[in-house]
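>
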Amino acid sequence: MEDRRPHSQRRHDASTSSFTPQLRQQSHRPANASTTAEMPTGVSKLKSSLRSVKRLLNKEDLAPNVKVENERRLVALEAQLAEAQRNETERNNASRYHKVKFFERQKLTRRIKQSLTAVERATDDDERATAQALLDQYRVDLNYVLHFPKDQKYIGLFPNNVWVPHSGTDTSADSTPETTKRRASLRVEISQLMAKGIYSAEPEKDKSADRTESLPRKRKEVLAGAPSDTKKSKDSKPKRPPMPDDFFEY
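Per UniProt numbering, numbering of the sequence shown is gapless, rising by one per residue and ending at 250.
Dropping the structure here:
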């Protein structure tokens, strides 16, 4: 059908329509793509973004402002990657060592109760001092289980189902000088934190929260924490009977 509009009107419409796609395309493009891009999440995506930024920075003809901007992005990505890797390690360790730590908590809690009874029933000072010394060690060890650094391989207190005393020697087949030294070092530090009031002196009574949840890190050196289990009320019945110390082997 013939267009009977004036020539000037047809010319104006044609010129306007020819720019419409270009304007629409520009409207979806951010003013600064590199600054508005969201930071990626996940270890693999962060590593991929790091490689891309490093390749860009290796170009010789890079504009100064682009170089500065991407150098800042590189620092942010490296920090985010380190944090993501740490969180991933903590999640993996929490899953891997959950059963071991659970059974060690049970064993230590029972031993603390037995030691408290022994202290109360002691007939002389020597007997009471021996029972109290054991009680103190068990409480340190319970805090050891609760607050062991979650980003590190867990070092058990009952290798081959035998408790390692603070002054004793680990004779298990898997024992190494490094694990023995690390266990002793953590025990000493936890004892110091308990003396300062940072960790509970009676962890078996801690009702603050579920012990499987982590606390904010209190020290950078060691001991990312986890609060203690909520004790069940006396009226509630246990789901299973108490297990003997030799129930779990690892």
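All C-beta atoms, glycine included, are put in the ideal place defined by N, C-alpha and C. None of these values were measured; they are calculated from a predicted model.
So, are the CB atoms of Q137 and H166 less than 8 Å apart?
The residue labelled residue 137 in the question sits at position 137 within the sequence shown. The residue labelled residue 166 in the question sits at position 166 within the sequence shown. Yes.
> To the nearest angstrom, how far is it from the Cα of E127 to the Cα of V100?
Against the sequence shown, residue 127 aligns to sequence position 127. Against the sequence shown, residue 100 aligns to sequence position 100. Between E127 and V100, the C-alpha separation is close to 32 Å.
> Under a three-way DSSP split, which group does P177 fall into?
Counting from one through the sequence shown, the residue named residue 177 turns up at place 177. Three-state DSSP puts P177 in a helix.
> Nearest by alpha-carbon distance to N87: which of K107, K47, V43, E78 is it?
Taking the first residue of the sequence shown as position 1, residue 87 is located at position 87. For N87, the nearest C-alpha among the options comes from V43.
> Buried or exposed, going by whether 16 or more other CB atoms sit within 10 Å of the CB of R111?
Translated into positions along the sequence shown, residue 111 becomes position 111. It counts as buried.
> Starting from I112 and walking both ways along the alpha helix (DSSP H), at which residues does that stretch end?
Translated into the one-based positions of the sequence shown, residue 112 becomes position 112. Segment 98-121, the alpha helix (DSSP H) holding I112.
> Which of the three DSSP states is assigned to P165 in this structure?
Taking the first residue of the sequence shown as position 1, residue 165 is located at position 165. P165 falls in the coil class under three-state DSSP.
> Using C-beta distances below 8 Å, list every residue in its chain close to V145, excluding the 5 sequence neighbours before and after it, in chain order.
Locating residue 145 in the sequence shown gives position 145, where the first residue counts as 1. Closer than 8 Å at the Cβ level, and outside the excluded window around V145, lie K101, E104, R105, L108, L157.
> So K54 is in the alpha helix (DSSP H); what residue range does that whole segment cover?
Counting from 1 along the sequence shown, the entry for residue 54 is found at position 54. Counting along the chain, the alpha helix (DSSP H) containing K54 begins and ends at 43-57.
> Is the distance from the Cβ of K47 to the Cβ of L57 below 8 Å?
The residue given as residue 47 occupies position 47 in the sequence shown. The residue given as residue 57 occupies position 57 in the sequence shown. Cβ distance not < 8 Å, so K47 and L57 don't count as in contact.
> Would you give the residue range spanned by the alpha helix (DSSP H) that Q137 belongs to?
In the sequence shown, the residue the question calls residue 137 occupies position 137. First-last of the alpha helix (DSSP H) with Q137: 125-147.
> How about D151 and P159: are their beta carbons less than 8 Å apart?
On the sequence shown, residue 151 is found 151 positions in, with the first residue counted as 1. On the sequence shown, residue 159 is found 159 positions in, with the first residue counted as 1. Against a cut-off of 8 Å, the Cβ pair of P159 and D151 comes out as no contact.
> For N143, I'd like the list of residues in its chain whose CB is within less than 6 Å of its CB, leaving aside the five on either flank, ordered along the chain.
Taking the first residue of the sequence shown as 1, we reach residue 143 at position 143. So the list reads I190, Y199, P203, once near-sequence residues are dropped.
> So what does DSSP say about S172, is it helix, strand or coil?
Locating residue 172 in the sequence shown gives position 172, counting from the first residue. Coil.
> With a CB to CB cut of under 8 Å and the five nearest residues on each side skipped, what residues in its chain are close to E78?
Residue mapping note: residue 78 aligns to position 78 of the sequence shown, counting from 1. Once the five neighbours on either side are set aside, the close Cβ partners of E78 are L50.
> By the three-class DSSP mapping on this structure, what secondary structure does A195 have?
Position 195 of the sequence shown, counted from the start, is the residue given in the question as residue 195. Of the three classes helix, strand and coil, the one that applies to A195 here is helix, per DSSP.
> Does DSSP put A79 in a helix, a strand or coil?
Taking the first residue of the sequence shown as 1, we reach residue 79 at position 79. A79 falls in the helix class under three-state DSSP.
> Suppose the cutoff is 7 Å on Cβ atoms and the five residues either side in sequence are ignored; what does the same chain contact list for W163 look like?
Mapped onto the sequence shown, residue 163 falls at position 163. Contacts found: L157.
> Can you grab the Cα-Cα spacing for the pair R73 / R91, in whole Å?
Position 73 of the sequence shown holds residue 73. Position 91 of the sequence shown holds residue 91. Answer to the nearest angstrom: the Cα atoms are 27 Å apart.
> If you draw a straight line from the C-alpha of Y97 to the C-alpha of A84, how long is it?
In the sequence shown, residue 97 corresponds to position 97, counting from 1. In the sequence shown, residue 84 corresponds to position 84, counting from 1. Looking at the two C-alpha atoms, the distance is approximately 20 Å.
> With a threshold of 8 Å on Cβ separation, who are the neighbours of K113 within its own chain once the five nearest residues in sequence on each side are excluded?
Residue 113 sits at position 113 when you count from the first residue of the sequence shown. Taken in chain order, the residues that qualify are E204.
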